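Following this note's numbering, the numbering of the sequence shown begins with 12 at its first residue and continues without gaps. Ideal placement from N, C-alpha and C gives every residue a C-beta, glycine not left out. Computed from a prediction, not measured in an experiment: that's the story for all the values here. Some notes on the structure that comes next.
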Amino acid sequence: MTDHVLDGADVRTKLDFYDAVAEVLRFPDWFGHNLDALYDCLTDLSWLPEGDHVLVWTHPEVLAEADPAGYRAIQAVLADAVADFTDVARAFSVVLVEP
């Protein structure tokens with residue numbers, strides 16, 4: 012299992028989240044920095060090695076407090092991506108670590 016830790020301490024906007032998740036999960040250059048592109052990348056992950064991949068998001072409360080609507084939208088995409096993930100060579104899950 013591979014943990015991909017996204018430190019959310021400085022993530023205050025959706026754009027901050029897109030930048031952080033793209034770096035942590037090594038999204039391809041074509042990632043469009045929007046909710047649709049986030050879903051597309053999270054349900055693909057073909058550029059990562061086979062196996063289990065866990066996105067560990069620390070300090071999600073920072074975004075939740077700074078941009079509640081953006082946080083809810085990202086939460087919905089994360090939940091949909093986990094539910095819709097079908098790659099048999101990889102598994103994907105998300106863990107939120109709150110204080």
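| Check | Outcome |
| --- | --- |
| Buried or exposed, going by whether 16 or more other CB atoms sit within 10 Å of the CB of residue 63? | exposed |
| Assess contact between the segment 94-106 and the segment 42-61, defined as three or more Cβ pairs (one per stretch) separated by less than 8 Å. Is contact present? | yes |
| Roughly how far, in whole angstroms, is the beta-carbon of residue 67 from the beta-carbon of residue 14, given that I think they are within contact range, below 8 Å? | 5 Å |
| Going along the chain, which unbroken runs of the alpha helix (DSSP H) with 4 or more residues stay wholly within the segment 12-83? | 25-35, 46-53, 71-77 |
| Helix, strand or coil for residue 102, going by three-state DSSP, please let me know. | strand |
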